[in-house]
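For the record, in the sequence shown the residue sitting at position 238 is 238 according to UniProt numbering, with numbers rising by one throughout. Input: a single structure, listed below in structure tokens.
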Amino acid sequence: MSLKEQLDNFKKQQVKCQTTLSNIASSRAGPSSSSSLSRPVPAAAIGHNKPSAPVKFSSDTERLQLINNVRKAPVGAQIKRVISLLFETRQAFTPEQINERCYVDMHANKAVFDSMRKNPKAHYDGRRFSYKAEHNVNDKSELLSLINKYPDGIAANDLKDAYPNVTEDLQALKASEDIWLLSNSQEDIAYPNDFKCEITVDDDFKSLFRDTEVPSDFLEVEKELKKYGFKPVTDTAARRAAEQKYGIPISQPKHKKKRKQEITKRTKLTNAHLPELFQSLNASSSRN
1 MSLKEQLDNF KKQQVKCQTT LSNIASSRAG PSSSSSLSRP VPAAAIGHNK PSAPVKFSSD
61 TERLQLINNV RKAPVGAQIK RVISLLFETR QAFTPEQINE RCYVDMHANK AVFDSMRKNP
121 KAHYDGRRFS YKAEHNVNDK SELLSLINKY PDGIAANDLK DAYPNVTEDL QALKASEDIW
181 LLSNSQEDIA YPNDFKCEIT VDDDFKSLFR DTEVPSDFLE VEKELKKYGF KPVTDTAARR
241 AAEQKYGIPI SQPKHKKKRK QEITKRTKLT NAHLPELFQS LNASSSRN
């Protein structure tokens, strides 16, 4: 490509970018509405009385390059950018406002617009897009009410996108003992701290628990724990190896020998109705 052709392409890019900036500046208008807890807050439009001065390419090169890179990005990357905007702000935006805030032009890219309408993390009311959380709660009291509806527990991961400081509220509810926040091998589970909750245990689970035999050797118990991905606190194999190495006898459970109680003269006779128990005592008394 010759130098003249390169200069012509550069001039065409300048014209295209200038048109894009003019369109963005002209779209900065929209009614503002009051905020509420149950609905996302519509993004406030930036009003202007005077027409914006045209932005020169030379004074806004970095921003124009960013716009160009965003709009050339794959559909998935653009959707992620919009979802991040909705999640962080918790406001409702029109496609024009989204274009202004994160440079994703939904009107020019139908694939992005259609994917956003079907995205499980986005809500579209016909005009604005807003973030759609797994559970519609907005503060600590609503969070507690939700957890109380799940006597079998609810995963903390399902609550983390409800509102920005939900993790801190979970810890606060745990500290105040309003809930139990227990952890298994994979995630935290929130349980209501309410003994009125009725938890039904299947008979099959009960029989499985009762029929399970625990090995008498604790080494076998540790092997079973490791088999299912749990790390035992004790290490019986290492302890036994150390005992054999240093000549320490392996500790065995000590069985206390029960001393047979003999009946003597000092024995208090409380079972006089069983005379056969006192034959030895009577015999010894007669010898003396």
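Heads up, the beta-carbon is just placed ideally off N, CA and C, and yes, glycines get one too. Please read these numbers as outputs of a predicted model, since none were measured by experiment.
According to DSSP, residues forming a beta bridge with L86: Residue pairing from DSSP leaves L86 without any beta-bridge partner.
Assigned exposure category for V82 - 16 Cβ within 10 Å defines buried: Counting Cβ neighbours within 10 Å, V82 comes out buried, since at least 16 surround it.
Given D105 as reference, the closest of R71, Q91, V137 once Cα atoms are compared: Comparing Cα positions, the closest option is R71.
Check whether T236 and E222 have beta carbons under 8 Å apart: Taking 8 Å as the Cβ cut-off, T236 and E222 qualify as a contacting pair.
S216 versus T234: straight-line alpha-carbon distance, rounded: Straight-line Cα distance between these residues: approximately 15 Å.
Local conformation of Q186 per DSSP, three classes: If DSSP states are grouped into helix, strand and coil, Q186 belongs with coil.
As assigned by DSSP and simplified to three states, the class of F93: Residue state, collapsed to three classes: strand.
Presumed contact (8 Å Cβ cut-off) between A156 and A190, rounded CB distance: The beta-carbon separation of A156 and A190, rounded to 6 Å, stays under the 8 Å limit for a contact.
DSSP three-state assignment for A133, whether helix, strand or coil: Looking at A133 - three-state DSSP - the assignment turns out to be coil, as it is neither helix nor strand.
Y131, buried or exposed, once every other Cβ within 10 Å from all chains shown has been counted against 16: Classification for Y131: buried.
Cα-Cα separation between Y124 and H107, rounded to whole angstroms: About 15 Å.
Beta-carbon proximity check, A178 vs N193, cutoff 8 Å: Reading the sequence as shown, one finds Asp at residue 178 and not Ala. Yes, they are a contact pair.
Run of the beta strand (DSSP E) containing A122, from where it starts to where it stops: Note, A122: beta strand (DSSP E), 122 to 124.
Rounded Cβ spacing between L159 and L182 (contact assumed at less than 8 Å): With a Cβ gap of about 14 Å, L159 and L182 do not count as contacting.
According to DSSP, residues forming a beta bridge with A155: Answer is I189.
Alpha helix (DSSP H) segment containing N138, residue limits: Premise fails: N138 is in no alpha helix (DSSP H) and is neither H nor E.
N9 burial status per 10 Å Cβ neighbour count (16 or more: buried): Within a 10 Å sphere around the beta-carbon of N9 sit fewer than 16 other beta-carbons, which makes this residue exposed.
Cβ-based neighbour list, N148, same chain, cut-off 6 Å, excluding 5 preceding and 5 following: Taking N148 as the centre and dropping the five residues before and after it, the same chain places the C-beta of P192 closer than 6 Å to its C-beta, in chain order.
Whether F129 touches I98 by CB criterion (8 Å): The answer is yes: Cβ separation under 8 Å.
C-alpha distance - N165 paired with S176, whole-angstrom precision: Using only the alpha carbons, I get a separation of about 17 Å.
Supposed close pair E100, I24 - CB separation, criterion 8 Å: Right, their Cβ atoms sit about 6 Å apart.
Option in L86, S145, V15 with minimal Cα separation from P120: The shortest C-alpha separation from P120 is found at L86.
Option in K110, F93, Y103 with minimal Cα separation from L64: Comparing alpha carbon positions, the residue from K110, F93, Y103 closest to L64 is Y103.
Best match in S141, D204, E224 for proximity to E213 [C-alpha to C-alpha]: The residue among S141, D204, E224 with its C-alpha nearest the C-alpha of E213 is E224.
Cα-Cα separation, H135 to A172: In this structure, the straight-line span from the alpha carbon of H135 to that of A172 is close to 19 Å.
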